[in-house]
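First the structure, in the form of structure tokens, and then the observations on it.
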Amino acid sequence: MQARPVLTLTHDEHLWRHWRQVPSSDWLPAWGQSWKDVSRWRERGQRLVVVDTGLPGLPAPDTEKWQAAVRDLDLLMASLKHSDEHGRQLLVGGAKGYVHAYMPPEALAVALKAVASGGVWLGPTLLARLLQQVDRGASANGEPASVWMTGLTPREIEVAERAARGMSNQAIADELGITERTVRAHVSAVFEKLGVSDRLMLALKVHGISS
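Final position of the sequence shown in the numbering used here is 639; the numbers increase by one with none missing.
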């Protein structure tokens, strides 16, 4: 793909040096040091931003200032003190991803691609937590619609239901008496058939929260 501009927002020069190692064939990182740089980035017609959660003056995710920015930006939040609860708050507030600030540049590139493509990127423990919350909320509201099952095999349905509850591939394999490799194959098939790209989207569809 053509190299895409991404604003990397941090006051930490060491962190900026780390982020600028993202593969230059795909990404063109620019350094911003203030939340005000977000407005200038938007004015240039750009959407993709990596934000250091330790940035001075960063608005809280439940404020109007934050919401005004999130509405038309793809924010990937990066934290030195990774916390599932903090990540949950940011995602609920409209961020598209939550990562460790010093994740390897190659992994950051993958996260950027997901967010830039309209997806969501988060760690496995936070993903499991969110899926469990979705599952509990759906259970409290009664049985979810089963329209999503159309076109899936019985085994794919079994795997999808468990993945939507936040179970890991290995846990699903152990419960169903199949290999983890087989589970991965079923999950991939389910994603393709349902037109979803990650487990969070799968959970929302399984529980009737999205069409």
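Cβ coordinates follow ideal geometry from the N, Cα and C atoms, glycine included.
Environment of A497 [buried if 16+ CB atoms lie within 10 Å] | Working through the sequence shown from its first residue, we reach residue 497 at position 69. Buried, because 16 or more other Cβ atoms sit within 10 Å of the Cβ of A497.
Sort V478, Q461, Q449, E586 by Cα distance to K524 and report the nearest one.
-> As a first step, residue 524 must be located in the sequence shown, where it is residue number 96. Residue V478 is the option with its Cα nearest to K524.
Tell me whether the beta-carbon of W412 lies closer than 8 Å to the beta-carbon of L540.
-> Residue 412 is absent from the structure shown; the chain starts at 429 and stops at 639.
What are the start and end residues of each continuous beta strand (DSSP E) run of 3 or more residues lying completely inside the stretch 435-489, in chain order?
-> 455-460, 476-480
Touching or not, the stretch 575-589 and the stretch 540-549, by the rule of three or more beta carbon pairs under 8 Å?
-> no
Going by CA-CA distance only, name the one from W576, E584, R627, D465 that's closest to G594.
-> Along the sequence shown, read from residue 1 onward, the residue named residue 594 stands at position 166. G594 has its Cα closest to that of R627, out of W576, E584, R627, D465.
At which residues does the alpha helix (DSSP H) containing M531 begin and terminate?
-> On the sequence shown, residue 531 is found 103 positions in, with the first residue counted as 1. Element bounds for M531: n/a, residue is neither H nor E.
Hey, is the stretch 434-443 in contact with the stretch 468-477, meaning 3+ C-beta pairs nearer than 8 Å?
-> yes
Rounded separation between P484 and L519 - CA only | Along the sequence shown, one-based indexing puts residue 484 at 56. Along the sequence shown, one-based indexing puts residue 519 at 91. Going by the C-alpha atoms only, they are around 20 Å apart.
Cβ separation of E521 and P489, assumed to be a contact under 8 Å, to the nearest whole Å = Position 93 of the sequence shown holds residue 521. Position 61 of the sequence shown holds residue 489. Per the sequence shown, residue 521 should be read as Gly rather than Glu. Confirmed, Cβ separation roughly 3 Å.
Helix, strand or coil for G525 per DSSP?
-> Residue mapping note: residue 525 aligns to position 97 of the sequence shown, counting from 1. Strand at G525.
Locate the alpha helix (DSSP H) running through M595, then write down its first and last residues.
-> Reading the sequence shown from its first residue, position 167 is the one you call residue 595. Note, M595: premise wrong, no alpha helix (DSSP H); not H, not E.
Going straight from the alpha carbon of F619 to that of A631, what length do you get?
-> The residue labelled residue 619 in the question sits at position 191 within the sequence shown. The residue labelled residue 631 in the question sits at position 203 within the sequence shown. Roughly 11 Å separates the two Cα atoms.
Can you tell me which of the three DSSP states L518 falls into?
-> If you number the sequence shown from 1, residue 518 lands on position 90. Correct three-state label for L518: helix.
Out of D480, Y530, D512, L604, which has the shortest C-alpha to C-alpha gap to Q449?
-> As a working note, residue 449 is residue 21 in the sequence shown. Of the candidates D480, Y530, D512, L604, the one whose C-alpha sits nearest the C-alpha of Q449 is Y530.
Distance, Cα to Cα, I585 vs R445?
-> Locating residue 585 in the sequence shown gives position 157, counting from the first residue. Locating residue 445 in the sequence shown gives position 17, counting from the first residue. If you take the alpha carbons of I585 and R445, they lie about 45 Å apart.
With a cut-off of 8 Å on the beta carbons, I'd call G482 and L501 a contact; round off their distance for me.
-> By one-based count along the sequence shown, residue 482 stands at place 54. By one-based count along the sequence shown, residue 501 stands at place 73. 19 Å between Cβ atoms; not a contact.
At which residues does the beta strand (DSSP E) containing L503 begin and terminate?
-> Within the sequence shown, the letter at position 75 stands for residue 503. First-last of the beta strand (DSSP E) with L503: 502-507.
W576 to V587, Cα distance in whole Å?
-> On the sequence shown, residue 576 is found 148 positions in, with the first residue counted as 1. On the sequence shown, residue 587 is found 159 positions in, with the first residue counted as 1. W576 and V587: Cα-Cα distance of roughly 13 Å.
Which residue from P451, H442, Q495 puts its Cα closest to that of Q430?
-> The count along the sequence shown starts at 1 and reaches residue 430 at position 2. Of P451, H442, Q495, the residue nearest in Cα terms is P451.
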